[in-house]
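A quick write-up on the structure given underneath.
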Amino acid sequence: MSTIESQLLLEVNKAIQGRHAHQLQSILVIEPPFPPIYEQLIAHLKTKYPRNNPSSEENLEHIVRANVSETEEGEDEQGRPVPNWSPMVSFLACWMSFIRDVNVENLLETYERLSDLQQKANSALQHATKGILILPTVIAYANVFSRVAIGLDKRPELIAHIVSAASSSDEGRAESLPEKAANILRNAFTTCLNDRNTAPRGITPQGKPDGKKIGIYKMANICLRILFQCQKLDNCQTIFNNIQNSSPPLHIYPASERVTYLYYLGRYHFACTHFFAAQLALQRAYDECPTVSSCNPQRRLLLIYLIASNLLLGRLPSPSLYTRPEAVGLREHFEPLAKAIRTGDLALFRRITSLDLSHPSARFLSRHRLFYQLANYCEIFVWRSLFRRVFLLTGKQGDTDRSAPTLDLHAVLAAFRLLETRARNMTPAMEKADSGGPGNRHISLALADFSTPSAAAAVDGYEYVDEDFDGVEGVVPYVHSPDIMEMEAICASLITQGFLNGYISHKLSKFAVMGARRPGGAAKNGFPNVWAVIKTRSGEEVFGWKEGAKGGVGPGMGGGTVVRLSGARPAGA
90 MSTIESQLLL
100 EVNKAIQGRH
110 AHQLQSILVI
120 EPPFPPIYEQ
130 LIAHLKTKYP
140 RNNPSSEENL
150 EHIVRANVSE
160 TEEGEDEQGR
170 PVPNWSPMVS
180 FLACWMSFIR
190 DVNVENLLET
200 YERLSDLQQK
210 ANSALQHATK
220 GILILPTVIA
230 YANVFSRVAI
240 GLDKRPELIA
250 HIVSAASSSD
260 EGRAESLPEK
270 AANILRNAFT
280 TCLNDRNTAP
290 RGITPQGKPD
300 GKKIGIYKMA
310 NICLRILFQC
320 QKLDNCQTIF
330 NNIQNSSPPL
340 HIYPASERVT
350 YLYYLGRYHF
360 ACTHFFAAQL
370 ALQRAYDECP
380 TVSSCNPQRR
390 LLLIYLIASN
400 LLLGRLPSPS
410 LYTRPEAVGL
420 REHFEPLAKA
430 IRTGDLALFR
440 RITSLDLSHP
450 SARFLSRHRL
460 FYQLANYCEI
470 FVWRSLFRRV
480 FLLTGKQGDT
490 DRSAPTLDLH
500 AVLAAFRLLE
510 TRARNMTPAM
520 EKADSGGPGN
530 RHISLALADF
540 STPSAAAAVD
550 GYEYVDEDFD
560 GVEGVVPYVH
570 SPDIMEMEAI
580 CASLITQGFL
590 NGYISHKLSK
600 FAVMGARRPG
610 GAAKNGFPNV
620 WAVIKTRSGE
630 EVFGWKEGAK
640 GGVGPGMGGG
650 TVVRLSGARP
660 AGA
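What follows is the structure, encoded as structure tokens:
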């Protein structure tokens with residue numbers, strides 16, 4: 090008499106015979122609640138193949154071999170030999186053990202059993218001709234495994250004893266459970282990437298991915314999701330390297346996979362301070378993400394990192410950008426920083442980027458892991474705007490056609506000192522009043538007083554005492570006050586990076602503007618557009634983004650590995 094497990098395994102065999110990969114996936118379910126027939130199977134497995142019986146696993150493998158003849162050696166349609174599929178036998182036996190024993194209330198045990206099951210599925214995937222039939226199952230299991238791994242990462246109390254044991258060992262830094270999960274899934278990703286039983290270059294004549302290469306970006310995205318959750322971005326580089334070297338072009342994959350992959354790639358480049366590459370990847374992902382309301386959460390997340398990337402390239406959000414459905418509430422987080430960059434308000438910039446996270450925008454930026462980059466790489470744009478602002482207020486035009494307009498760096502010094510002092514001494518009432526309100530001295534009035542060396546030196550610097558030594562007798566506060574040498578150094582840095590066009594007279598402590606006679610005058614030519622400068626010197630290659638040559642798809646297309654996005658549309662355009 091046929092048992093229930095035999096009946097189910099015969100269905101598995103039929104699915105393999107018919108090469109119905111998705112039907113096979115629908116049979117090999119692992120997530121409760123199970124259908125009634127699976128509940129009967131589980132009850133029978135517990136009775137006939139109990140967990141505490143050492144021979145149960147071997148007996149399950151025996152019944153698999155007896156009912157799944159497709160795991161044996163054979164021949165294909167052309168009469169070529171097909172090797173046996175022994176890893177599939179081990180996988181099916183492990184699957185029955187898993188559904189017999191799974192207890193979703195015990196997250197750690199579920200993780201361990203899923204780890205074993207996923208590894209056996211990965212081994213079955215490696216079969217040259219039949220492995221592709223289990224690819225949908227491997228991907229489905231990987232999604233479940235990643236959720237469990239991320240769930241454990243969010244509940245450290247469940248794995249505290251494991252972390253403690255690992256930290257006390259002498260084997261160096263041990264892998265975390267999410268890292269282990271990502272490494273296991275990366276094996277399946279590598280199997281998909283290295284599949285050689287495909288059309289040339291892994292692309293069908295219809296321009297679609299062929300063979301196991303269908304799963305490259307699905308598996309990559311699952312691995313990246315885990316690594317980003319546990320903040321192990323260094324491990325992402327291996328995935329991007331492999332895709333750069335061996336993957337078919339990204340554009341032949343479904344939009345959902347492209348958008349997800351480019352989101353992670355953009356965030357990776359952002360974290361590595363490759364802001365131009367981040368902007369290109371995030372812009373493409375944002376453009377290709379559907380505009381339907383159900384995708385607004387994804388579009389919002391993309392937009393947050395896209396705005397940040399553009400800010401770090403000197404591109405400020407347009408007012409129309411904030412009117413989009415996915416941008417609701419973002420103005421209050423990004424506009425203060427954009428205003429500081431636009432106006433050269435160093436005091437406002439200091440308050441936004443204060444490490445005490447006291448500014449209303451700071452916690453949002455920190456939560457999305459934007460704070461470090463914006464605080465450390467936007468300041469130079471504030472400097473550039475402040476130099477320009479002071480030039481417009483105090484700059485001297487040349488007396489003759491041959492003399493260049495100049496900016497007295499002592500005036501810049503006065504502005505720096507005023508704004509640095511304002512940032513340190515700002516009261517809540519003054520902050521609420523904004524820079525032009527009562528209690529805040531306008532910079533033009535300050536520059537009228539502090540445009541000479543003696544007057545510029547009159548603004549007091551601020552005192553700093555480390556909080557650990559605050560109140561200790563005999564501790565002398567550190568007093569920082571910008572001086573003219575610092576202004577010359579900042580000016581030289583801006584010139585070197587192309588954000589100022591001119592030269593410094595160290596003898597006179599003045600900046601001479603070049604290009605004043607060209608259309609636009611000194612204000613335009615002496616202070617070039619930041620985005621234009623960065624774009625000119627930045628390459629358009631995005632590491633990790635595999636693109637084919639322009640024009641045409643399919644196996645005959647060029648195998649380019651770079652991105653050409655000279656016409657990339659900016660956020661808000």
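Residue numbers (my numbering): 90 to 662.
Ideal Cβ placement from N, Cα and C applies to all residues, glycine included.
From a predicted model like this one, the values you see are computed outputs, not experimental measurements.
Pro170 sits away from Glu161, with the two beta carbons spaced by 8 Å or more. Contact between the segment 184 to 197 and the segment 133 to 146 is present: 3 or more CB-CB pairs across the two stretches fall below 8 Å.
The C-alpha of Ala374 is placed about 19 Å away from the C-alpha of Val417. Sequence-distant partners of Trp174 (beyond 5 residues in either direction) whose C-beta falls short of 6 Å from its own C-beta, in its chain, are Thr160, His216 and Lys219. CA-CA distance, Thr280 to Leu351, rounds to 22 Å. The three-state reading of DSSP puts Ala309 in helix, counting H, G and I together. Looking only at Leu282, Pro267, Leu247 and Ser204, the smallest Cα-Cα distance to Leu224 is reached by Leu282. At the C-beta level, Cys312 and Ile328 come within 8 Å of one another.
A Cβ-Cβ distance of about 46 Å is found for the pair Pro571 and Glu636, leaving them out of contact under the 8 Å criterion. For Phe600, the secondary structure class from DSSP, reduced to helix, strand or coil, is strand. DSSP assignment within the segment 356 to 410 yields the following whole alpha helix (DSSP H) runs of 4 residues or more, N-terminal first: 364 to 377 and 385 to 400. With a contact defined as Cβ atoms closer than 8 Å, Ala271 and Asn324 qualify at about 7 Å. DSSP places Thr495 in the uninterrupted beta strand (DSSP E) bounded by Thr495 to Asp497.
Between the segment 352 to 372 and the segment 412 to 427, the count of C-beta pairs closer than 8 Å stays below three; the two stretches do not touch. The three-state reading of DSSP puts Val171 in strand, counting E and B together. Within its own chain, the residues whose Cβ lies closer than 6 Å to the Cβ of Pro425, once the five positions on either side in sequence are excluded, are Ile441 and Ser450, listed in chain order.
Rounded to the nearest whole angstrom, the C-alpha separation of Pro289 and Lys301 is 13 Å.
Of the candidates Lys321, Pro294, Thr226 and Tyr306, Lys321 places its Cα closest to the Cα of Glu268.
Between the alpha carbons of Leu222 and Pro139 lies a gap of roughly 30 Å. Each of Gln586, Phe600, Ser265 and Gln368 was checked against the Cα of Val501, and the nearest Cα belongs to Phe600. Distance between Arg347 and Val227, taken at the CA atoms: about 20 Å. With contacts defined as CB atoms closer than 8 Å, Val602 and Ala611 qualify as a contacting pair. If one requires a minimum length of 4 residues, the alpha helix (DSSP H) runs lying completely within the segment 454 to 504 are 460 to 466 and 468 to 483, in chain order. Uninterrupted beta strand (DSSP E) stretches at least 3 residues long and entirely within the segment 186 to 230 do not occur. When the beta-carbon positions are compared, Pro406 and Ala427 come within less than 8 Å of each other. Taking a C-beta distance under 8 Å as the contact criterion, Leu402 and Phe364 qualify as a contact pair. The beta carbon of Arg275 lies closer than 6 Å to those of Cys312 in the same chain, with the five residues before and after it left out. Following the DSSP letters along the chain, one finds Gly610 inside the alpha helix (DSSP H) bounded by residues Gly610 to Asn614. When the five nearest sequence neighbours on each side are left out, the beta carbons in the same chain lying within less than 8 Å of the beta carbon of Glu100 are those of Ile116, in order along the chain. Distances from the CA of Thr412 to each of Leu392, Gln96, Asn156 and Gln295 were compared; the closest alpha carbon is that of Leu392. Distance from the CA of Pro125 to the CA of Arg154, rounded to the nearest whole angstrom, comes to 25 Å.
Distance from the Cα of Ser158 is smallest, within the candidate group Val178, Asn142 and Glu166, for Val178. A Cβ-Cβ distance of about 5 Å is found for the pair Val631 and Ala366, placing them in contact under the 8 Å criterion. Here DSSP, grouped into helix, strand and coil, assigns Pro122 to coil.
With contacts defined as CB atoms closer than 8 Å, Trp620 and Ala370 fail to qualify as a contacting pair.
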